[in-house]
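Chemist: I'd like to ask you about the structure that follows.
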Amino acid sequence: MKKLFILASLTFSVAAFAAPSSEGTENEINSGLYNIDFRAGNGKIYCGGDAKTSDLAQGISCLTEIKGKPVLPRPKDCDLEWGGTFFLGKTGKADMVCHSDFPFNPKARILKDGETVKGNGWQCTASGSEVTCSNQDKHGFKVSQKMQKLF
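In mature numbering (1 follows the signal peptide of the UniProt record, and there is no 0), the protein residues as written are -18 to -1, 1 to 133.
Structure, rendered in structure tokens:
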């Protein structure tokens, strides 16, 4: 049975994909939900890591609007949005997750090509239009608007 991962409700909506692409400050702008916020893939991939509260799963979660079919089929118990949200804990395998609202900071800074962000047991590297995140077990995901891969 797939894990159902419902992200906290915030005032942001999926319409935030159309948010301005202004880059924030040199440091990550904090949305209040995650300790680490950033964007990758030229600003089209939104990520938040190391949630501030224990109510949310700890690790890194990234969201993008995918073009095409999701890499995994929608679980029967997912009545929410499916296909563009990926989660990786500091250990274990990466997974796609069900989500409701848009819990990411639309003004977080955009990682430069080749730049890496490290969190508690995970790291993500931007490369062109994609981001690759991996954990201490060498599991992870690689995602862009056109491609998704779990490893």
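The beta carbon of each residue, even a glycine, is placed where N, CA and C say it ideally should be.
From a predicted model like this one, the values you see are computed outputs, not experimental measurements.
Quick check on the DSSP output: the beta strand (DSSP E) that includes Q130 runs from which residue to which?
Modeler: Taken as a continuous stretch (DSSP letters only), the beta strand (DSSP E) holding Q130 covers 130 to 132.
Chemist: Which residues mark the beginning and the end of the beta strand (DSSP E) in which E112 is found?
Modeler: 112 to 117 is the extent of the beta strand (DSSP E) around E112.
Chemist: Taking only the alpha-carbon atoms, compute the straight-line gap between R56 and N117 and give it to the nearest angstrom.
Modeler: The straight-line gap from Cα to Cα measures roughly 24 Å.
Chemist: How should T35 be labelled, buried or exposed, when 16 other C-beta atoms within 10 angstroms of its C-beta is the threshold for buried?
Modeler: Exposed is the call here.
Chemist: Go ahead and pull the three-state DSSP assignment for W64.
Modeler: Coil.
Chemist: Just how far apart, CA to CA, sit G41 and G50?
Modeler: For G41 and G50, the distance between alpha carbons rounds to 26 Å.
Chemist: Taking the straight line between their C-alpha atoms, what separation do you get for V53 and S82?
Modeler: About 19 Å.
Chemist: Relative to the C-alpha of D32, which residue among T67, D59, N17 is closest?
Modeler: Ranking the options by Cα distance to D32, first place goes to N17.
Chemist: Quick one: what's F84 bridged to in DSSP?
Modeler: DSSP lists no partner for F84.
Chemist: What distance in whole Å lies between the Cβ atoms of L62 and C80, which are believed to be in contact at a cut-off of 8 Å?
Modeler: At roughly 5 Å, the Cβ-Cβ gap stays under 8 Å, so C80 and L62 are in contact.
Chemist: Quick one: residues in its chain with C-beta nearer than 8 Å to the C-beta of S111, no 5 flanking neighbours on either side, listed in chain order?
Modeler: Correct list, in chain order: G23, N24, K26, S126, Q127, K128.
Chemist: So which of F20, C60, K131, F123 has the shortest CA-CA distance to K72?
Modeler: That would be F123, whose Cα lies nearest to the Cα of K72.
Chemist: Beta carbon of G30, beta carbon of F84: below 8 Å?
Modeler: No, they are not a contact pair.
Chemist: Using DSSP's beta-bridge definition, name the partner residues of V99.
Modeler: Answer by DSSP bridge pairing, in chain order: C106.
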